[in-house]
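Beneath this line is the structure, given in structure tokens, with notes to follow.
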Amino acid sequence: MPEVYALKGFDVLREVQRRESWLRAHAPCEAVWAELDRCHLPEKSRVVDLGCGIGVRAILTAQHPRTLSVDGIDIHPKLLGYARRRARRLGVGNVRFLVDDLRRTSLRSVYDLARLDSVLWTQSDPLLGLAEAHRLLVPGGKLLATNHDATGFEALCAPQLPDTYWRLHRHVDRLLRSHGANPRYGHRLASDAQKAGFVINEATIEAEQEIGPQSRRGVEMHWEFLMQWERALAPHRRMEPKERSTARSAYRRWARRADRSQTRLKYVVIATKR
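Counting in the working numbering, the sequence shown runs from 11 upward without gaps.
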């Protein structure tokens with residue numbers, strides 16, 4: 011099965027715009043560096059970011075004092091083109107972005123840290139990505155893998171959003187699963203890392219919460235995310251226009267309420283190559 015972001019009909023440039031705003035809020039320098047510090051990296055570490063997208067975390071990783079260089083890998087040339095322009099604009103010269111398949115890259119095993127940030131859920135066989143991360147690391151190298159889960163958002167919002175919205179949500183969820191993706195992959199992350207040959211150092215579940223306007227921006231982007239998947243996955247099996255319009259209106263009314271908060275669960279695994 012194809013990697014779901016590579017499906018024909020998925021608007022990668024629109025995804026760039028969505029991720030840019032989202033990651034600016036969710037990947038501040040302090041948060042990314044704190045995760046790196048938890049990995050206890052050696053001086054002059056070489057890092058590979060598998061499935062780096064537009065490169066926000068890869069660039070922040072490259073700016074960490076213990077980082078010598080970062081290679082960002084993604085299958086989408088358009089996303090990487092954006093990442094390169096961003097790195098040049100910020101004057102970050104120790105990061106490069108390469109078009110490659112994270113499941114079987116052409117890179118050599120020279121890295122001290124492999125990052126996999128919220129990308130394994132899109133893979134029909136996540137173990138391939140973890141096995142490739144294991145191959146790329148030097149002995150004693152570290153894995154930093156994360157995966158967001160919508161469970162917290164759903165639990166908080168279920169009483170407040172109409173059933174028309176949740177029908178669309180479940181519809182897209184089923185379509186993603188039919189193409190090999192797993193939106194609920196987070197709970198398998200640690201066990202799959204062990205299967206790939208890693209020794210788990212740390213496995214945590216963290217709650218990320220946003221309040222007010224930031225949350226409204228987040229739920230608007232979440233709506234765009236659902237629309238993107240529905241268009242790409244099933245152009246001939248979309249919801250009725252009237253039902254979709256009703257769901258969107260109710261969703262936006264909810265999003266305009268300034269006191270709403272949004273919670274997501276983030277699975278974090280830090281592991282070592284045997």
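Backbone N, C-alpha and C define an ideal beta-carbon position, used for all residues, glycine too. Remember, predicted model here, so these are calculated numbers, not experimental data.
Worksheet item: Got a sec, what are the start and stop residues for the alpha helix (DSSP H) R94 sits in?
Response: P87 to L100
Worksheet entry | Pick from R145, W131 and A206 that is closest to A304, judged by C-alpha positions | It is not possible to answer for residue 304, since the shown part of the chain is limited to 11 through 284.
Worksheet item: Would L85 pass as a contact of D111 if the rule is Cβ separation under 8 Å?
Response: The residue you asked about is not Leu; residue 85 is Ile in the sequence shown. Cβ atoms of I85 and D111: closer than 8 Å.
Practice prompt. Kindly identify the DSSP beta-bridge partner or partners of L7.
Written response: The shown model of the chain, from 11 to 284, leaves out residue 7, and the question about it has no answer.
Worksheet item: So is R177 in contact with chain D if we call contact Cβ pairs under 8 Å?
Response: As a matter of chain content, chain D is missing from the structure shown, which is built from one protein chain.
Worksheet item: For T214, does the count of other Cβ atoms within 10 angstroms reach 16, so buried, or fall short, so exposed?
Response: When all chains shown are included, T214 counts as exposed.
Worksheet item: Should the region 135 to 152 be called in touch with the region 47 to 62, which here means at least 3 C-beta pairs below 8 Å?
Response: yes
Discussion item. Looking at I64: is its Cβ nearer than 8 Å to the Cβ of A97?
Written reply: no
Worksheet item: Of the residues D135, S116, A143 and V120, which one's Cα is nearest the Cα of L126?
Response: A143
Fill in: Per-residue DSSP class, three states only, for P75
Coil at P75, not helix or strand.
Discussion item. Between G61, V66 and R177, which has its C-alpha nearest P38's C-alpha?
Written reply: Nearest in C-alpha terms to P38, of all of G61, V66 and R177, is V66.
Fill in: When V42, K252, T77 and E45 are compared against Y121, the one with the closest alpha-carbon
T77
Worksheet entry | Own chain, CB closer than 7 Å to V209, minus 5 neighbours either side, in chain order | The beta carbon of V209 lies closer than 7 Å to those of A281, T282 and R284 in the same chain, with the five residues before and after it left out.
Worksheet item: Between V182 and H189, what straight-line distance do the alpha-carbon atoms span, to the nearest angstrom?
Response: Each residue's alpha carbon lies about 11 Å from the other.
Practice prompt. Closer than 6 Å by C-beta to P223: which residues in its own chain qualify, once you throw out the five before and the five after it? Chain order, please.
Written response: Note that P223 has pLDDT 43, beneath the 50 cutoff, so the model's placement of it is unreliable and no number is given.
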